Every structure is written in C-alpha cells, then in structure tokens.
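Data block below; observations after.
2 protein chains.
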Amino acid sequence: MDVNVAITQMKEQRESYIKRFSEALAIPSVSALQQHKPDMHRMARWLAKQMEVMGLEHVELMPTPKNPIVYGDWLHAPGSPTVLVYGHYDVQPVDPLSEWISPPFEPAIRGDYIYARGASDMKGQIFAQLMAVEALLKTGGGLPVNLKYLIEGDEEVGSPPLQEFIRRHRDRLHCDAVLNCDSIIHAASMPSLVYALRGLAYFELEICGSPQDLHSGSFGGIIRNPIDVLCGVLAGMHDKKGRVTLPGFYDKVRTLSDEERAVLMEGPYNDEYYLKLSASRGLYGEEGYSSVERLAVRPCLDVNGIWGGYEGKGAKTVLPAKAGAKFSMRLVPDQELNALESQVRAYLEQAVPRECRWKLTLHSLGPGAVMERNSRYIQAAVEAQETVFGRKPFFRREGASVPVVGMMQEELGVDSVMLGFGLPDDGIHGPNEKQSLSLLFKGMETYLRYMDILGSNV
Amino acid sequence: MDVNVAITQMKEQRESYIKRFSEALAIPSVSALQQHKPDMHRMARWLAKQMEVMGLEHVELMPTPKNPIVYGDWLHAPGSPTVLVYGHYDVQPVDPLSEWISPPFEPAIRGDYIYARGASDMKGQIFAQLMAVEALLKTGGGLPVNLKYLIEGDEEVGSPPLQEFIRRHRDRLHCDAVLNCDSIIHAASMPSLVYALRGLAYFELEICGSPQDLHSGSFGGIIRNPIDVLCGVLAGMHDKKGRVTLPGFYDKVRTLSDEERAVLMEGPYNDEYYLKLSASRGLYGEEGYSSVERLAVRPCLDVNGIWGGYEGKGAKTVLPAKAGAKFSMRLVPDQELNALESQVRAYLEQAVPRECRWKLTLHSLGPGAVMERNSRYIQAAVEAQETVFGRKPFFRREGASVPVVGMMQEELGVDSVMLGFGLPDDGIHGPNEKQSLSLLFKGMETYLRYMDILGSNV
Numbered sequence: 079m080d081v082n083v084a085i086t087q088m089k090e091q092r093e094s095y096i097k098r099f100s101e102a103l104a105i106p107s108v109s110a111l112q113q114h115k116p117d118m119h120r121m122a123r124w125l126a127k128q129m130e131v132m133g134l135e136h137v138e139l140m141p142t143p144k145n146p147i148v149y150g151d152w153l154h155a156p157g158s159p160t161v162l163v164y165g166h167y168d169v170q171p172v173d174p175l176s177e178w179i180s181p182p183f184e185p186a187i188r189g190d191y192i193y194a195r196g197a198s199d200m201k202g203q204i205f206a207q208l209m210a211v212e213a214l215l216k217t218g219g220g221l222p223v224n225l226k227y228l229i230e231g232d233e234e235v236g237s238p239p240l241q242e243f244i245r246r247h248r249d250r251l252h253c254d255a256v257l258n259c260d261s262i263i264h265a266a267s268m269p270s271l272v273y274a275l276r277g278l279a280y281f282e283l284e285i286c287g288s289p290q291d292l293h294s295g296s297f298g299g300i301i302r303n304p305i306d307v308l309c310g311v312l313a314g315m316h317d318k319k320g321r322v323t324l325p326g327f328y329d330k331v332r333t334l335s336d337e338e339r340a341v342l343m344e345g346p347y348n349d350e351y352y353l354k355l356s357a358s359r360g361l362y363g364e365e366g367y368s369s370v371e372r373l374a375v376r377p378c379l380d381v382n383g384i385w386g387g388y389e390g391k392g393a394k395t396v397l398p399a400k401a402g403a404k405f406s407m408r409l410v411p412d413q414e415l416n417a418l419e420s421q422v423r424a425y426l427e428q429a430v431p432r433e434c435r436w437k438l439t440l441h442s443l444g445p446g447a448v449m450e451r452n453s454r455y456i457q458a459a460v461e462a463q464e465t466v467f468g469r470k471p472f473f474r475r476e477g478a479s480v481p482v483v484g485m486m487q488e489e490l491g492v493d494s495v496m497l498g499f500g501l502p503d504d505g506i507h508g509p510n511e512k513q514s515l516s517l518l519f520k521g522m523e524t525y526l527r528y529m530d531i532l533g534s535n536v
Numbered sequence: 079m080d081v082n083v084a085i086t087q088m089k090e091q092r093e094s095y096i097k098r099f100s101e102a103l104a105i106p107s108v109s110a111l112q113q114h115k116p117d118m119h120r121m122a123r124w125l126a127k128q129m130e131v132m133g134l135e136h137v138e139l140m141p142t143p144k145n146p147i148v149y150g151d152w153l154h155a156p157g158s159p160t161v162l163v164y165g166h167y168d169v170q171p172v173d174p175l176s177e178w179i180s181p182p183f184e185p186a187i188r189g190d191y192i193y194a195r196g197a198s199d200m201k202g203q204i205f206a207q208l209m210a211v212e213a214l215l216k217t218g219g220g221l222p223v224n225l226k227y228l229i230e231g232d233e234e235v236g237s238p239p240l241q242e243f244i245r246r247h248r249d250r251l252h253c254d255a256v257l258n259c260d261s262i263i264h265a266a267s268m269p270s271l272v273y274a275l276r277g278l279a280y281f282e283l284e285i286c287g288s289p290q291d292l293h294s295g296s297f298g299g300i301i302r303n304p305i306d307v308l309c310g311v312l313a314g315m316h317d318k319k320g321r322v323t324l325p326g327f328y329d330k331v332r333t334l335s336d337e338e339r340a341v342l343m344e345g346p347y348n349d350e351y352y353l354k355l356s357a358s359r360g361l362y363g364e365e366g367y368s369s370v371e372r373l374a375v376r377p378c379l380d381v382n383g384i385w386g387g388y389e390g391k392g393a394k395t396v397l398p399a400k401a402g403a404k405f406s407m408r409l410v411p412d413q414e415l416n417a418l419e420s421q422v423r424a425y426l427e428q429a430v431p432r433e434c435r436w437k438l439t440l441h442s443l444g445p446g447a448v449m450e451r452n453s454r455y456i457q458a459a460v461e462a463q464e465t466v467f468g469r470k471p472f473f474r475r476e477g478a479s480v481p482v483v484g485m486m487q488e489e490l491g492v493d494s495v496m497l498g499f500g501l502p503d504d505g506i507h508g509p510n511e512k513q514s515l516s517l518l519f520k521g522m523e524t525y526l527r528y529m530d531i532l533g534s535n536v
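Protein chains in written order, with the numbering used here: chain A, 79 to 536; chain B, 79 to 536.
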C-alpha cells in the first residue's frame, strides 16, 4: 500500500469520479416522502454495489422498521484500530422547488460547485470516504485500519430505528471509534474539527382555558386568556440576565477549564462572525459568557413554535380555548437528562394560574457529548487535515445536536470523530444545495491520509 | 289605529307568519362568500317587496360598493318622533355543515324553535319588527311614529360601506333615535335592555429578528428569539393586578356612579353566572372590580391570535425570523380613541429590545357608547317589554361592540335603542342556529307596543 500512489491515481480520475457521484445525486432518496420509498431502496442498492465492487465484504442491506441500513466491512488489519464509518443516504425534501436554478435531482456543475439535493448533506461526504477506500484497495496493499460501515436511510426524519438497531447489532458494530462523515469545516481554506455537540430536549406545551372559544367582547376582562398565560409562562422561562429560570437547570453544567477555553479561543469565532452569519441586528445571550460559550458550552432554551386563536387575515375577536407552543433546550454535559422534564413541570406548577390547565409532552431527549480532543482518533484527523489543507485545523464545539454521536457513546461506548467537508453556506436543507468539487477531492485525500495515519500510529 | 285589534289579528295569523318567515330563511344570504352574491340581491328584493306590500313608501335598494342597503319609510305622523330602524339581512357562513341536524337553509321546526341560519341573527328580529308595522298599518289607522329603515347586507363582514353610506345620506336618514333590532334579551322569561356597549381597537403586531429562519442549535443562545420577545411584550401588557400597563390607558376612563352601579346590580349577572356561561375553571380580571364592571364598565386587552415558527406535528428545531400576534382592546367612555395607537407604540418602544424590529398595524378602531337610560326612547322600550313579558326588564351594559351604534352617534347624533329578542343560546354563528317562535311573536307584540307607547308619549 502506497498512500502517495493512491492519491496520485485518485487525482487522475476526476471526471470518472464526478460521473459516479452524479449517479448517486440523481436518485431522489427523500426519506420524508412516502412516494420516494422505491428510491430509498435504489439508493441503498447503489451504495451496496459500490461497496462490493471496490472490495468491501459482508455487504448487506439490513432491514429496519423504516429504510434499510447499508452495512459492509473490511477487517484484515489485525492489530490496527477498527473504525465504524457512519453516514446517511437519505436527503431532505426539495421544496420550494421553484427556487432551484437546476432541477434538484439533475446534478449540474457551475464553476467549482456541483448542485443537487444531497450534494453536501451528505452524499458528497460518504462518496469521498468510499472513494478514498477504493483508491487504497486498488493499490493492492489493503487498508491500514479495519473498517465497518453503517449508512442509514432515516437521518433526515430523526433516525427513528437507529438506536434500537445499534443495540441489537452491538457485537457486529463493535469498534474503537466512529468516523462520522456528516460534518463540515469552517471554510474551504480553513479546516476545523468539531469535538463537542449539544444535546436536545424538545417539548410541547398546551394551555387550556374555557372548553370552547369565546367571544372576546362578551368575556374579555373576566376570564384568563390562554394565550396571555402561555406568553407569561414562556417569557418567564428566562430572567433579565438571559438565564433559564427552570429550577436546577444549571446545577450540573460542567465548567469550562482554562485550557479548553484557550483552545476554543483559537478559532475565528467572535461576535462579529456570528453577527454576520445570523444577519441579526445584535447578539444576545446569557450574561457573563462569550458567544462561543453561549453557543456550545452553555445550555439554552428557545421557543420553536407558537400558536393560538386567530391567525388569518384581518380581525377576529376570539378569546381562544387554548394555545400551544413548542420549545426546546440545547443541553451540555453534565446536565441530567432525566431531571429536565421534572424541572419543567415544577416550573409550570407554579407559573400556570389555577384557572388554566396545561399539558406537557416530551418529543425527544438526547444527550450532548464532549469528545477527548487528545485521543489518537481525533489527533489523526488533525494531522490529516493539516497535511491536506496546509494549516492546522482549529477545534470547535458545535451548538447543534447530532443524536447518533450520543447513541454511539451510549450503545457502543465509543467517541465519534466528526470529519466531513461540507461548508456552512452549502445551502443544505434549502434550494440550490451545492458541494465544492475541489473540497470533495480534498476530502477524499483527507480520508485517505486519515486511515493511513491512524494505521501507522499503532 | 287600535293596538289591541292589531295584536289580536297578529296572533291569529301564526301559521301565515311562519310561512313567510320561512321564505326569508330559505335564501342563503351569506355575505362572506362570493358565490352567494345573487342570493344577497334576492334577499334584498324579498325585503323590499314585503315593505312595499305592507305599505311603506320610497322603498329602494340603495347601491353601496358591497351589497345594497334596503331603504323604506313611512312619514305620516307629524309631531311624532322619527325612528330609524336598523337591521341586516346577511347571515354568517354555515360551516361546519356536517353538524347541522337539518340543512341551514331549509327551515325546520322542532318544538318551539325554528332552525335555520339567520333565524336569530337577525332575520327573525327584522321580520318581527316588519310584521308589527304591517299589523298596525292593516288596522287602517297608520303608525303612531314616523319610521325609516336601513337594512344592510354586510354586517357579518364588518359593514365596510356603512359609515360612508350614513354620512352621504345624512339628510335622508335624519331621525330622533335608532331602533337597533340586532339584539338579544337575557332569557325568554326575563327581558333585558342593553344601554351601553364597549368600543374596539384591534391591532396586529409583528416582531422580526434575523431576516431568515435559523437553526436553533447553531444559533440558540446567542440571538434574540422573536417568539420569546413577542411573549415578553404581550405578557408585559398586563401587570400582576390584571391591569393593562399601556401608558395612559386608564386616564380618561369614566367612573361608574353609585346610581348606575345600583342599576347594574339589579341584573342577574354575578360570578356564578359568568363561571357557568364561560365553563371556565375560574374567573380572573382587574383587581378591585366585580365581573359586571370588568366586563363592560372597564376597558380590557386580549390577545386574539398568535403565531410563529413551527406549528406542525413533531419537532422542528427552528429559531424563527419572526412572530406575530393580534390583540385588541375593548374600550369604554371616555377613552381617547386617537391616543390608543400612540399608547401602544410608546409601550413597544421600551418593551421591544433593540435586537428586534417591530411593526404595528391598526385593523379597526371604534368607540364605545353609553346611552341615556332615562330617555323617552329607552323608557318606551322598558314599558313595552314590561307589558308583554309581565316583568320589568333589567338594564345591562354589553361587553362586546356594535360599531353601528357608534356610527349613528357620530354621523346622525342619535342614540340607539337595542331592542331584539334573540337568546344567548340561540347558537348564532354556529351550527343549528335557532329562534324561539313564542319569542318571535312576543317580539312582534313588543315592537308594536313600543311604537304605540312612543307615539302616545308625545
């Protein structure tokens, strides 16, 4: 196995790669829409075929209650680590279709970009990783590490079958680390590595007053208005310092060490950056913390949706029977997940006046994760990125949640290395999603070097 | 003209009246729906024909930018007062149609009730008034008062052409008082008279944060959430004592005299009554006032609708770009209508944080009204009800708004007598709207005696 030979060969096949990548992008594997069920299977079979052709073993479409999971492995590097490659082959719906410049499932190249739904999230990433493996296997020397693949088809709809699947196949999926390709870097010229993610708790709250809508003239002034109550309850979840008021919410929040704070401050993330990225008139958050801390080191709470009464045009003088909202918390270690719902209930007990009833539903609950930055698995990623991009990546903590990371910790006891090459402005989930082609090839090379470094460091 | 002869004759024609009333109820004069435009004209012509046949003069369908107004008059009682009879011939839409026991435009009699859309609101009231006039004219003695009719076809859609119409035809509509038949009594055995109505100011507020929806994980904790801001702003419009916090809101509110309070306390309206009527778990309102006062003597503010972010099933982790709400105030004399919007703006200036923008729209603004209880026009109504129902009506102030009352005060300088015979549980605006037939005939008799008393008291 010669890494440089493999990389040279890879670079010579640019057109052939783009052609094969376009095949994958042309399959409308939209997991959210029932009419695309046959396309989900087509996409899974396409992947399995690639994996078989390039020399992976035990390739299989493993059934789940939803879409099949594509499995494959290569386990001929005794003494080397075993890495479980995670990805997903499903994509988001394409609406608003009218805003696409070229059709979402007819990949089109404009400049350095290939435009198609799923190009960046994440067919591009999984394709780059597979091509890196193919290039190595073609050289005839095998792989420097053992690999297993878990490529699911339900990530964009919340991965309902995944945790149970991992639990049931714990032995087969046993590994030393996960390589999660569903990730991005800061900029094309500035690699970065996410080593922490926030968890998520998502609630729905309904406040009920009278059993029926009432006329706001005939009853206005004498009864509780569920919208008013809901507003008061939601507004009361924060104090004037931007802190969440739920009892015990911050009790177990892990304090940032000076060392970690220094690492985080190395990145290019400051107020100016976030102000521009959000296009807001100003930033706002918990008093006493920087934006970087507020976004990923500190937990937070946001209302995600609210409704009640009349939402149509003009005026309707209704005093509604009920009102509701969805709200969620982003969680950090070491908040106790199982205590959250009772914290909310304790708050509601005292915040909702006796004239109203309330109903709380927990939609989802997943832990945050902080990975060991100095592990060989993450350090190999640092080294690979540095070699390919010519500069050391900086570390960042991500404010959002990637539930599979927590599942892997929980079910398999391993950390994930977040290594992908999407860009923040790829337009994932929106119209005209794109993937930089030069970055796609840099990604292939990085994945290749990553395996090489990880195998060499044994 | 002999009142008792007229009343006796009226009572003998029960079946014939019901047949004629059913003709009116069978016309689907739904002003809100464009497909019923021809029915609006049919209904207007039906009314005009009745008026002509019974002997009214100058009967005319007067055009407006929306539906025609039916006019007619009888002006041969020199020295007697001139009363402008107000009503509307349009009705509410019928959905949910599936909940109607009999079709809404096929009048059906079950027990003492006739079921049809518009039976109570308000074809029944206007029919009763016309039949009273017909009975008097049939006796050959003419009428004891001068009458003019203004029956509009757009009340259920907010009467958009009405104020301009009244202003343009001020001379023709000149009168001493308005007899507004669009009203109800407390119970079949307990007559009541509304002598005051609250006004209405209806606003819409939008709070904008970032120009686009953001991911709540990637931005949660560092920017203002427009839903949170909206909730805080709306919740802050009331203090802990249930008082509206808008600066100057209560400044000009007229204090209730001891005499008027005593009059209001004669009615059957207490907390128990409102608790049952609203089916709420408890009443709530401005500290220091009774329910009767909170409902009609004091102004109030209610949120009528709220929206923002994700309202669908399940979870979406969105941090929305904007959120909005509709809210309205019920107004009482002598609040300054033109100061209200600036009160709201003054409040918003300090309540909305600088990171958000806001937009306020005023949808409608109409004054409240308190009529002179001791005027001959209202006292004649008291006397007529007492004669027909065998008990003195009690006075009440209505919490809701009837904009035409304010318009008549403003454009013609006259008070309105609210005299109608609907019941609070007639199901107006909902399925299975009904009108008590015995009350319809008591209504005819009351209208007849009302004219007689008003004419005699000259």
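Where is the CB? At the ideal position from N, CA and C, for every residue including glycine.
Since this is a predicted model, take the numbers as computed values, not measurements.
Beta-carbon neighbours of residue i, restricted to chain B and to distances below 8 angstroms
i, result
"A/CYS309", "LEU308, CYS309, GLY310, LEU312, ALA313, VAL381, ILE384"
"A/VAL396", "ASN382, GLY383"
"A/PRO289", "ALA357"
"A/ALA279", "Within 8 angstroms Cβ-Cβ: nothing; A/ALA279 doesn't reach chain B, min ~10 angstroms."
Short Cβ contact (8 angstroms threshold) for residue i with residue j
i, j, result
"B/ILE456", "B/TYR164", "no"
"B/SER288", "B/ALA399", "yes"
"B/MET121", "B/TYR167", "yes"
"B/ARG276", "B/ALA478", "yes"
"A/ALA266", "A/SER514", "yes"
"A/GLY533", "A/ALA417", "no"
Contact set for residue i: own chain, Cβ-Cβ below 8 angstroms, skip 5 residues either direction
i, result
"B/MET140", "PRO146, ILE147, VAL148, TYR149, PHE243, HIS247"
"A/TRP124", "GLU101, ALA102, ILE105"
"B/LYS144", "SER109, GLY231, ASP232, VAL235, PRO238, PRO239"
"A/LEU361", "ASP349, TYR352, LEU353, SER369"
"A/ASP117", "ILE105, PRO106, SER107, VAL108"
Cross-chain neighbours of residue i in chain B, by beta carbon under 7 angstroms
i, result
"A/GLU389", "GLY383, TRP385"
"A/CYS259", "Ordered by position in chain B, no residue passes the 7 angstroms Cβ test against A/CYS259, which lies about 19 angstroms from the chain."
"A/GLU177", "Ordered by position in chain B, no residue passes the 7 angstroms Cβ test against A/GLU177, which lies about 13 angstroms from the chain."
"A/ARG474", "Under the 7 angstroms cutoff, chain B gives no residues; its nearest Cβ is about 12 angstroms from A/ARG474."
"A/SER442", "ALA393"
"A/TYR352", "ILE300"
Where residue i meets chain A, residues with beta-carbon distance less than 9 angstroms
i, result
"B/SER565", "It is not possible to answer for residue 565 of chain B, since the shown part of chain B is limited to 79 through 536."
"B/GLU433", "SER358, ARG359, GLY360, LEU361, TYR362"
Per-residue contacts from residue i into chain A (C-beta, under 7 angstroms)
i, result
"B/LEU373", "GLY299, ILE300"
Same chain, Cβ closer than 7 angstroms to residue i, five either side skipped, listed in chain order
i, result
"A/GLU419", "LEU440"
"A/VAL422", "PHE281, LEU324, LEU438"
Residue i: contacting residues in chain A (beta-carbon distance under 8 angstroms)
i, result
"B/GLU284", "In chain order: nothing, as chain A lies at least about 12 angstroms away."
"B/ASN303", "ASP380, VAL381"
Sequence-distant residues of its chain with Cβ nearer than 6 angstroms to residue i (five each side left out)
i, result
"A/PRO269", "ILE263, GLN463, PHE467, PRO471"
"A/ALA210", "MET522, TYR525, LEU526"
"A/ARG474", "SER270, VAL272, GLY345"
Contact list for residue i against chain B, beta-carbon separation under 9 angstroms
i, result
"A/HIS166", "The contacting residues do not exist; A/HIS166 stays about 17 angstroms from chain B at best."
message: So, does the stretch 199–214 of chain A touch the stretch 512–525 of chain A, judging by three or more C-beta pairs under 8 angstroms?
response: yes
message: Going residue by residue through the stretch 205–258 of chain A, where are the continuous beta strand (DSSP E) segments of at least 3 residues, counting only ones entirely within it?
response: 224–230, 255–258
- prompt: What are the uninterrupted segments assigned as alpha helix (DSSP H) that are 4 or more residues long and contained completely in the stretch 246–333 of chain B, given in chain order?
  reply: 248–251, 294–297, 304–313
message: Three Cβ pairs or more, each shorter than 8 angstroms: is that satisfied between the stretch 150–163 of chain B and the stretch 211–224 of chain B?
response: yes
- request: Let me know the beta strand (DSSP E) ranges lying completely inside the stretch 435–501 of chain B, each 3 residues or longer, listed in chain order.
  value: 435–444, 472–476, 494–496
message: Tell me whether the stretch 400–413 of chain B and the stretch 318–335 of chain A touch, counting them as touching only if at least three CB pairs, one residue from each stretch, are closer than 8 angstroms.
response: At 8 angstroms Cβ cutoff, the stretches do not touch.
- prompt: Going along the chain, which unbroken runs of the beta strand (DSSP E) with 3 or more residues stay wholly within the stretch 388–415 of chain B?
  reply: 400–409
query: Taking contact to mean at least 3 C-beta pairs separated by less than 8 angstroms, is the stretch 491–505 of chain B in contact with the stretch 172–186 of chain B?
result: no
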